[in-house]
Amino acid sequence: CSYSRVSPEVVYAFTPTVSGGYVFSETGSLDTVLWLATGACGGAACSTQIDEPETLLRTLTAGTTYYLMVESYSYPGGQITVSVDFVPTPVNDACVGAIPITASTLVTGTTTGAADHYGTGFSGICGTSGFTGADVVYSFTPSVSGNYNAFVSASGWTPRLHVATTCGAPGACVAVSLDDEVNFHGV
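Here the sequence shown stands for residues 6 to 192, where the numbers follow the numbering used here.
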């Protein structure tokens, strides 16, 4: 995984029985780096690597063995606590499951477990805003024509908002946010 620490590491093997999202966590007090790889242990192909926070979310395939390598950031290492949990896919992961929202209503949700259905596709839908990452879909039908403001908040990351007249369709973009808020005209 092209990480050049010379510190102690341990390796865990995990073979999911169900395809889907999984979160790997190291929750001890030791500063660690997590690697997730597939292939023969020792010659495995690196899938991803993360350092701080020591939490890794990936979509895995049932029946494939994955190797989680946990390396101490400093020598001589110490006690660690590792967990792996299945993360269910949100119902509004794609257009077909869009959750309806109404004006002046606070809605809570999550992108954890969602796939990146529209990230690179938004370059065709919403101009040059091809952001990638887990995405979820909500639908909004205004009761009266007018200007609307949509706002989203998250902890530890900056979400992006895309407003379109047709879900996932090229050329349907109405507004794009470069931060956590977007203004648009609803008809």
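Ideal Cβ placement from N, Cα and C applies to all residues, glycine included.
Is it true that the segment 153 to 160 meets the segment 94 to 104, where meeting means three or more beta-carbon pairs spaced less than 8 Å apart? At 8 Å Cβ cutoff, the stretches do not touch.
Below 6 Å CB to CB, which residues in the same chain sit around residue 97 once its five sequence neighbours on both sides are set aside? Position 92 of the sequence shown, counting from 1, holds the residue named residue 97. Sequence-distant partners of residue 97 (beyond 5 residues in either direction) whose C-beta falls short of 6 Å from its own C-beta, in its chain, are 103, 104, 141 and 142.
Say whether the segment 63 to 80 touches the segment 107 to 114, bearing in mind that this needs 3 or more beta-carbon pairs closer than 8 Å, one atom from each stretch. No: the two stretches stay apart, fewer than three of their Cβ pairs being nearer than 8 Å.
If I follow the unbroken beta strand (DSSP E) through residue 25, where does it start and stop? The residue labelled residue 25 in the question sits at position 20 within the sequence shown. That run of the beta strand (DSSP E) goes 25 to 31.
By alpha-carbon positions, which one of 122, 85 and 167 ends up nearest to residue 14? Here residue 14 is taken as the residue at index 9 of the sequence shown, counted from 1. When only C-alpha atoms are compared, the closest one is 85.
Best match in 88, 144 and 65 for proximity to residue 99 [C-alpha to C-alpha]: Residue mapping note: residue 99 aligns to position 94 of the sequence shown, counting from 1. Cα-wise, what sits closest to residue 99 is 144.
For residue 18, count the other beta carbons within 10 Å of its own beta carbon; 16 or more makes it buried, fewer makes it exposed. Which is it? Looking up residue 18 in the sequence shown gives position 13. So residue 18 counts as exposed.
What distance in whole Å lies between the Cβ atoms of residue 20 and residue 68, which are believed to be in contact at a cut-off of 8 Å? Along the sequence shown, one-based indexing puts residue 68 at 63. Along the sequence shown, one-based indexing puts residue 20 at 15. Yes, residue 68 and residue 20 are in contact; Cβ-Cβ is about 7 Å, under 8 Å.
For residue 92 and residue 60, what's the separation of their Cα atoms in angstroms? To locate residue 92, count along the sequence shown from 1; it is residue 87. To locate residue 60, count along the sequence shown from 1; it is residue 55. So the alpha carbons of these two residues sit roughly 13 Å apart.
Would you mind stating whether residue 90 and residue 149 have Cβ atoms separated by less than 7 Å? Within the sequence shown, the letter at position 85 stands for residue 90. Within the sequence shown, the letter at position 144 stands for residue 149. Not in contact: residue 90 and residue 149 (Cβ atoms no closer than 7 Å).
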